[in-house]
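Enquirer: Numbering (the working numbering), first residue to last: 442 to 1433.
Just so you know, even glycine gets a beta-carbon here, dropped at the ideal spot from N, CA and C.
The structure presented is a predicted model; accordingly, all values stated were derived computationally and were not measured.
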């Protein structure tokens, strides 16, 4: 406390403040027309001299003084004259005035002493100001600015301020700026008098210095006009004038003043209105900005309206987007511009001819508004980048989330992201094309049109029309509520409303929410996640049965919220809210530079607008067969490499007709034959029946489920899980009755939660990156406004696979595209590798792959489990459409060369020492088809393939898929059995 008063009780500053009154008083006393200079009111010392002189000239001495012969005798006491009533009144008035003066002095002193004053100098004044942060792409080109309220500013130095702008703002806002000491005492006293006598708010009297004080140090009070604020303004103004030069004051003011159109400071306004730096403004443009501070929102040169809502002439429209219309509003400030020019002439800043020339110009034609370039992109990438930056700031400085956000949105940062503008724009364009996506199919409805879960029969989504009538009113039926005797109302649990315990401003509350619903319109399927009744906090609670009780007081305070009609309760549209309607199916994609970890493009949904959206690119979904190269096949090859390097054998079981050899290799033979688990045949393949003995390579190409499970069983869950973690997969569930430590999850992708496209893209990048995982990052560095580096982002890396294993997996995944189910993803110009993935009932469709430049993961599915008309082929096709454009113009890429520890034997690759005991399938095996023979012939060292036209392999067999049915308990492998996810949540392959 002592420190606080020491900080705030700067006697020099207070003396300086009151010295301003003395300066004003002395100025007034020396004025030629003042009464004091005329001699009509003599000073106290002159009157004292007159009294002395009169007594010397025989004036009667004071009472009680001896005179003449009566000296020494007691004089006769004279009777006092009574004080007149008028003098009493004047005396009282005098005391009142003195008391008021004393009260004002005390009031001002207390305000100053208790004010949270700060050290004021030219270097730290900007630390109190919010300044927008700018985001750049991977080539250093500005993408967009982010800021909170009051933060859309970019500071400039005094040297970059045009002389016309300086003169214009001084002439219209504060003509005595260069002469006063911070505030105009006479104007303040007049304003206070008017406020007292008028009984209203104090009127505007601020100098530029006071306005600066208000903008910087009194931001929380600047919307309130009061005597206390004016006094503090004046006090801060004195301090500012004491510590800053006039030029520094003017620079700071012009960098802080609000100029409408969400622009703070003249640089932001110049860019927004004229699309150029403030230093390049001409006279009329300078005057236009100087005319705005008096009423910036009303005078703003541009007004923006939601598309279709602006009732304006086309000639006034400056620009428009799909969502907004931007209208010229310069006429609103035309009179003030003329006044500004007139003042500049009167004060000698410009000539009359210069003013006339400026007035003759057309301001509208000079306008070149800057519509936020960020509108070209959805917010998914930028939101993710901000999230990553926030986490880094919190970790680096130990700050709270709120403190980190303030730095991001108000710190004037320069954020250099990894986003590739070309790639992001291509992704956005293709996601806007609805024909790139499959449709919803196989829906089952009840008699009311509600969508049902096909297995349980429970309502999955309500028909929108079963919630709202033709007037968009929500109608509660008789069986959904009960009126209680105390005037309260009970809303029943288990109907169309959900009740969730929550907190509002730290107090317990209950959120009353709609359940999910759907709409079908013009052949398209939409979902609405939920919505809520807008019942304020404090009026709701839950009973023991989970019902929601709305108190009687609510109906007293909000009598029009519910309307009762025919036994039903009706809620008007303004009394509830709904989440945004979302088209289905949805999709997400991430493109990553796997060498640097830089995310080049990200999209987390389609046909959804706004900020801070549900980002499906970072949300886990069941990966289906796309998990096989990660958890099964690369893990098996790495496990073999580790065993051989340690001089150990894997002791592989071949009792089912498989021929693994001593180690699991790309040439190991796996028998695609039925497996029996707890008396059931499981798993089933996407194709009808089984194909017998096939190599591991062919099993990957054809996505054989049985082969994946058998390979997994040779390892058990421990090593695959540890590998997934090294690959950056964070969503493996290892604990609980329902976990992922089973082949349904790790071999077929039926995970409890799944894997996000972001993590899938980074994980697949391990293969062409010679076995090294690189953490995906959205930015490379952050600097302050002075270009000083604050953060230099270096992604974490980890070696997951031996480079030989990575080389073999890369070659296998290339063959998936050249000879397997991934052929749809192939395009000319770059060698493509990857893997498809489809879950049970076509709920999720994937293609995850890579080129020599990028890895990319693409997911398609519904936000609720509803079947798609097409599986992984649709994902592979869209992946090809996007990646072929992203890679267009790039040189033909090469994957890493064959490492020294890899040998090619009989047309297949092996890490040294792992070939032992491998036997190829015989010609009599059912899997030794012409297709497999072709596969063996075309398997070769990584080199540029001959150019040929790829065809989409969509056979009738693949289109008539057999769904996987999973038993509830898996066969024991190397670990005690665990309960698997229920069949409806299990992974599998519909199409692949």
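Where do the ends of the beta strand (DSSP E) carrying residue 958 lie?
Expert: Taken as a continuous stretch (DSSP letters only), the beta strand (DSSP E) holding residue 958 covers 958-962.
Enquirer: Hey, how far is the Cα of residue 1014 from the Cα of residue 915?
Expert: Those two C-alpha atoms are separated by around 7 Å.
Enquirer: Could you please give the first and the last residue of the uninterrupted beta strand (DSSP E) stretch that includes residue 1232?
Expert: Start and end: 1230-1233.
Enquirer: To the nearest angstrom, how far is it from the Cα of residue 931 to the Cα of residue 832?
Expert: Roughly 43 Å between the two C-alpha positions.
Enquirer: Within a Cβ cutoff of 6 Å, which residues of the same chain sit near residue 784, ignoring the five residues on either side of it in sequence?
Expert: Excluding residues within five positions, the ones whose Cβ falls inside 6 Å are 612, 613.
Enquirer: Below 9 Å between beta carbons: does that hold for residue 987 and residue 940?
Expert: Contact: yes.
Enquirer: Go through its chain and collect everything with a Cβ distance to residue 1318's Cβ below 7 Å, but skip five positions before and after it.
Expert: Within the same chain, residue 1318 has close Cβ partners 1265.
Enquirer: Just to confirm the assignment, what range does the alpha helix (DSSP H) spanning residue 1152 have?
Expert: Per DSSP, residue 1152 belongs to the alpha helix (DSSP H) from 1146-1154.
Enquirer: What three-state label does DSSP hand residue 1320 in the structure shown?
Expert: Helix at residue 1320.
Enquirer: Please report the distance separating the alpha-carbon of residue 1131 from that of residue 1112.
Expert: Looking at the two C-alpha atoms, the distance is approximately 9 Å.
Enquirer: Identify every residue that forms a DSSP beta bridge with residue 705.
Expert: In the DSSP output, where bridge partners are listed per residue, residue 705 has 699.
Enquirer: For residue 681, collect the residues of the same chain with a Cβ closer than 7 Å to its Cβ; drop the 5 residues on either side in sequence, then sort them by chain order.
Expert: Hits under 7 Å: 561, 623, 650, 653, 654, 690.
Enquirer: Going by the CB atoms, is the gap between residue 708 and residue 595 shorter than 9 Å?
Expert: For residue 595 and residue 708, yes; Cβs fall inside 9 Å.
Enquirer: Should residue 970 and residue 957 be called a contact, given that it needs their Cβ atoms to be closer than 9 Å?
Expert: Going by C-beta atoms, residue 970 is nearer than 9 Å to residue 957.
Enquirer: Give me the Cα-Cα distance between residue 1305 and residue 966, rounded to the nearest whole angstrom.
Expert: Approximately 12 Å, taken between the alpha carbons.
Enquirer: Could you tell me which residues DSSP puts in a beta bridge with residue 1118?
Expert: Looking at the DSSP assignment, residue 1118 forms a beta bridge with 1121.
Enquirer: From what residue to what residue does the beta strand (DSSP E) around residue 1302 run?
Expert: Residues 1296-1302.
Enquirer: Taking the alpha carbon of residue 803 as the reference point, which residue from 769, 827, 822 has its own alpha carbon closest?
Expert: Answer by Cα proximity: 769.
Enquirer: So is residue 534 buried or exposed if we call it buried at 16+ other beta carbons inside 10 Å?
Expert: Exposed, since its Cβ has fewer than 16 Cβ neighbours within 10 Å.
Enquirer: Spell out a yes or no on whether the segment 698-707 and the segment 574-582 are touching, meaning 3 or more CB-CB pairs, one atom from each, closer than 8 Å.
Expert: Verdict: no, contact absent.
Enquirer: Measure the beta-carbon distance from residue 771 to residue 805 and round it to whole angstroms, keeping in mind my assumption that it falls under 8 Å.
Expert: With 8 Å as the limit, residue 771 and residue 805 qualify as a contact, their Cβ atoms being about 6 Å apart.
Enquirer: Does the separation of the CB atoms of residue 1104 and residue 1357 fall below 9 Å?
Expert: Taking 9 Å as the Cβ cut-off, residue 1104 and residue 1357 qualify as a contacting pair.
Enquirer: Label residue 887 either buried or exposed according to how many other C-beta atoms from any shown protein chain fall within 10 Å of its C-beta, with 16 as the threshold for buried.
Expert: Exposed is the call here.
Enquirer: Residue 1146 and residue 1126: beta carbons closer than 9 Å?
Expert: For residue 1146 and residue 1126, yes; Cβs fall inside 9 Å.
Enquirer: For residue 1139, which residues does DSSP report across the bridge?
Expert: Note: residue 1139 sits in no beta bridge, so no partner.
Enquirer: In angstroms with no decimal places, state the Cα-to-Cα distance between residue 532 and residue 672.
Expert: Cα to Cα, residue 532 sits roughly 29 Å from residue 672.
Enquirer: Determine whether the beta carbon atoms of residue 714 and residue 742 lie at a separation below 9 Å.
Expert: Cβ atoms of residue 714 and residue 742: closer than 9 Å.
Enquirer: According to the Cβ coordinates, are residue 1030 and residue 1299 closer than 9 Å?
Expert: Yes, the Cβ-Cβ distance between residue 1030 and residue 1299 is below 9 Å.
Enquirer: According to the Cβ coordinates, are residue 1028 and residue 1290 closer than 9 Å?
Expert: No, the Cβ-Cβ distance between residue 1028 and residue 1290 is not below 9 Å.
Enquirer: Taking the DSSP output, what are the residues bridged to residue 904?
Expert: Answer is 959, bridged to residue 904.
Enquirer: Do you know whose CA, among 1188, 778, 810, 1060, lies nearest residue 799's CA?
Expert: Checking every option, the nearest Cα to that of residue 799 belongs to 778.
Enquirer: Do the segment 885-902 and the segment 850-859 make contact, defined as three or more Cβ pairs closer than 8 Å?
Expert: Taking 8 Å as the limit for Cβ pairs, the verdict is that the segment 850-859 does not touch the segment 885-902.
Enquirer: List the whole-angstrom C-beta distance separating residue 782 from residue 796, where the pair is believed to meet the contact cut-off of C-beta under 8 Å.
Expert: Yes, residue 782 and residue 796 are in contact; Cβ-Cβ is about 4 Å, under 8 Å.
Enquirer: Please return the same chain residues whose Cβ sits closer than 7 Å to the Cβ of residue 1062, not counting the five positions on each side in sequence.
Expert: Result list for residue 1062: 1195, 1285, 1300, 1302, in chain order.
Enquirer: Locate the beta strand (DSSP E) running through residue 917, then write down its first and last residues.
Expert: Residue 917 -> beta strand (DSSP E) spans 915-917.
Enquirer: Using three-state DSSP, classify residue 855 as helix, strand or coil.
Expert: It is a strand residue.
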